[in-house]
Amino acid sequence: MMRSLLCLFLTLVTVFSVAQAQQSVNLTSSNLPIIVINTNDQPIPDDPKIMADMGIIYNGEGNRNQITDAFNHYNGKIGIEIRGQSSQMFPMKSYSIELWDESGEGVDRSLLGLPKESDWVLYAPYTDKTLMRNFIAYTLSRNLGHWAANCRFVEVVLNGKYVGVYVFMERIKRNKGRVNVPKMEKTDETGDAVTGGYIFSLDKEPNGWFSQYLPPHAAANQRPQFSYVYPKPGDINNAQKTYIRSFVDSFENALHGNNFQDPVNGVRKFAELNSFIDYFIVNEVSRNVDGYRLSSYFYKNRNSTDRRIYAGPVWDYDLAFRNADYCNGSLTSGWAYEFNKICPGDGAGLIPFWWNRLMEDTAWVGNLRCRWTELRSGMLSDAGINHMIDSVTQLLGEAQQRHFTAWPVLGQYVWPNPQPIPSSYAGEITALKDWLKLRLLWIDKNLPDKGRCGDNTPDPVGSFGLWTLANPFIGNADIRIKSKIEQAAHMQVIDMTGRKLSAKKLQLNPGSQWVSLDAQSWPAGIYLIHVFNDMGEKQTLKMMKSY
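The sequence shown: position 236 = 292 (our numbering), numbered continuously.
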């Protein structure tokens, strides 16, 4: 409670000081789509939506958009309201938008190349000074094969005033182009019809029910809190409420029970666990301080199609990827699913027992290891992550300058930014990349090495062996050495001309250990890593450094 009050106080102080420093920007053109909103002198409330006019200037990918161009992508009515909870205290607001006709009825339209819908979000990346944390998380999840909100970066003019770079994105909603579960009718009360589809969530303000199980390390009776998302609280009938609560209870009972690993009657009867693996990976890569407990969504199809609960879609990662200065949210070490150990008294919500229990499931852990090994050689490689970040950085190159002129927060504390706070946009990007490199390496070293893919460090032929998880590598070179005994050893690094770049003595303990070589100054190329002991044993690892 004290932490929440302190965060609220710091937010109010920060918002007040920054709001005084806000500067005007004259937007003339952009490489991003331009959204112009006019509320006709009406203030935008938290709820309900008010009618306003919206125009979008978008001349196609690769073409420049002039503020004087005609509204050529959308020109019509919208309903608009402020969205978010703690973020509402920031001077830069996020908005929920619904496309309306003149009478205020919803209208489905395809905007900025996204599937037709009426409901959209204009997300304000105020505390996220990279402007891309949500984008990264959603893109990772989509690349893993799941639906997640598609995003488009835009610049927004509200009531004649430039208000910065926004992320225009889809909202979590039941729809064939979004969360594709069957539509529920009021009359769906029995049989197969009542079994789906549903979307529900864990969040800080429940409108549904509480879990029957206390979370691990709870300081009080802080049971996880479920909310109805689809059908909405005002639409879901009593039979549907009873069904989805009973099904989630059955899922929890199966997972908590002694036979939870039973392939027929255990947790797999109630949950599609591969989706839980991918959900785990996105939350752990980002070390999302809100992960698993807030804005955490799940869905269920109709039994005739698939009776199991799926984890996702992922949502709300603005405080992830090193952007929370509380509850160890900025550390590269530690598991996000063990949040309750760090902050057992958190009043917003604790993480249910599910993830601790799944880490006891030998098949789930083995499959998690396989999935991680596969991804680290591709989209989650250091090079893959950096390519994604660099692509967005290039896209936002000019727009971010206008954004941070309007909102001069670079180098300033905006809750809950961790220290040190970079003084430039380039510094924010470098800090994000450096953090992610260390975070991925920590997971490499600490993910259980079990199952059919737990072969990164097989028993060495001699008394020790060498491996690496990143080859080619960028930055430092990290070597894993597995030794059967306690022994002294020597390491040398040789480039392809035969020049010795470094040499060091090692003291190896039984088991695996990591050695990090400072390779920042090495030019791109191939290097030989030699390790030898006093018994005449020698192992060589060939590694390549990329640009």
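All C-beta atoms in this analysis are idealised placements derived from N, C-alpha and C, irrespective of residue type, glycine included.
Straight across, the Cα-Cα distance linking Ala-126 with Val-92 is about 11 angstroms.
A distance below 9 angstroms separates the beta carbons of Arg-508 and Cys-426.
A distance below 9 angstroms separates the beta carbons of Arg-378 and Ser-386.
Excluding sequence positions up to five before and after Asn-277, its CB lies within less than 8 angstroms of the CB of Leu-270, all in the same chain and listed in chain order. Residue pairing by DSSP places Gln-563 opposite Ala-544 in a beta bridge.
Spatial neighbours of Ser-602 in its own chain (CB-CB distance under 8 angstroms, excluding positions within 5 residues in sequence) are listed in chain order as Ala-439, Pro-528, Phe-529, Ile-530, Ala-580. Close CB contacts of Glu-308 within its chain, under the 7 angstroms cut and outside five residues either way in sequence, are with Ser-267, Gln-268, Tyr-269 (chain order). Asn-473 counts as buried, since no fewer than 16 other beta carbons sit within 10 angstroms of its beta carbon. Taking C-beta atoms as the reference points, Lys-149 and Ile-100 count as a pair closer than 9 angstroms.
Distance check between Asn-442 and each of Gly-162, Gly-253, Val-345, Ala-487 places Ala-487 closest, using alpha-carbon atoms only. About 6 angstroms separates the beta carbon of Thr-95 from that of Asn-215, a gap short enough to meet the 8 angstroms contact definition.
Residue Thr-186 holds the alpha-carbon nearest to the alpha-carbon of Lys-489 among Gly-140, Thr-186, Leu-168. For Met-444, there is no enclosing beta strand (DSSP E); the enclosing alpha helix (DSSP H) covers residues 438 to 451. As computed with DSSP, Lys-356 is found in a beta bridge with Tyr-254, Ile-365.
Counting along the chain, no alpha helix (DSSP H) covers Phe-224; the unbroken beta strand (DSSP E) around it starts and ends at 217 to 226.
Its chain contains Met-547 as the residues whose beta carbon lies nearer than 6 angstroms to that of Lys-560, once the 5 sequence neighbours on both sides are disregarded; these appear in chain order. Taking 9 angstroms as the cut-off, the beta carbon of Tyr-382 is found closer than this to the beta carbon of Val-345. From the listed residues Leu-155, Gln-457, Thr-246, the smallest Cα separation to Gly-111 is found for Leu-155. Rounded to whole angstroms, the Cβ separation of Asn-199 and Met-225 is 16 angstroms, and the two are not in contact under 8 angstroms. A residue is called buried when at least 16 other Cβ atoms come within 10 angstroms of its Cβ; Gly-253 meets this threshold and is buried. At the C-beta level, Arg-279 and Phe-326 stay beyond 9 angstroms of one another.
In this structure, the alpha-carbon of Lys-297 lies about 45 angstroms from that of Gln-456. Its chain contains Gly-518, Ser-519, Phe-520 as the residues whose beta carbon lies nearer than 8 angstroms to that of Glu-593, once the 5 sequence neighbours on both sides are disregarded; these appear in chain order.
Burial check for Asp-248: the Cβ neighbour count within 10 Å stays below 16, so the residue is exposed. Unbroken beta strand (DSSP E) runs of no fewer than 3 residues, entirely contained in the stretch 103 to 188, are found at 106 to 113, 130 to 139, 150 to 156, 175 to 179, following chain order.
Asn-199 sits in a helix when the DSSP states are folded into three classes. Going by beta carbons, Thr-418 and Lys-288 fall outside the 9 angstroms limit.
Annotated three-state conformation of Phe-332 is helix, per DSSP.
Rounded to whole angstroms, the separation of the alpha carbons of Gly-116 and Ala-380 is 36 angstroms.
Contact between His-273 and Pro-400 holds, since their C-beta atoms are separated by about 5 angstroms, short of 8 angstroms.
In the DSSP annotation of this structure, the continuous segment of the alpha helix (DSSP H) that includes Lys-297 starts and ends at 294 to 312.
In this chain, the beta strand (DSSP E) harbouring Lys-598 covers 594 to 601. Non-local C-beta neighbours of Met-435 in its own chain, meaning closer than 6 angstroms and more than five positions away in sequence, comprise Asn-199, ordered along the chain. Closest in C-alpha terms to Gly-160, from the list Asp-109, Gly-169, Thr-461, Thr-183, comes Asp-109. One thing to note: Ile-90 has its Cβ within 9 angstroms of the Cβ of Ile-113. Within a 10 Å sphere around the beta-carbon of Asn-315 sit fewer than 16 other beta-carbons, which makes this residue exposed.
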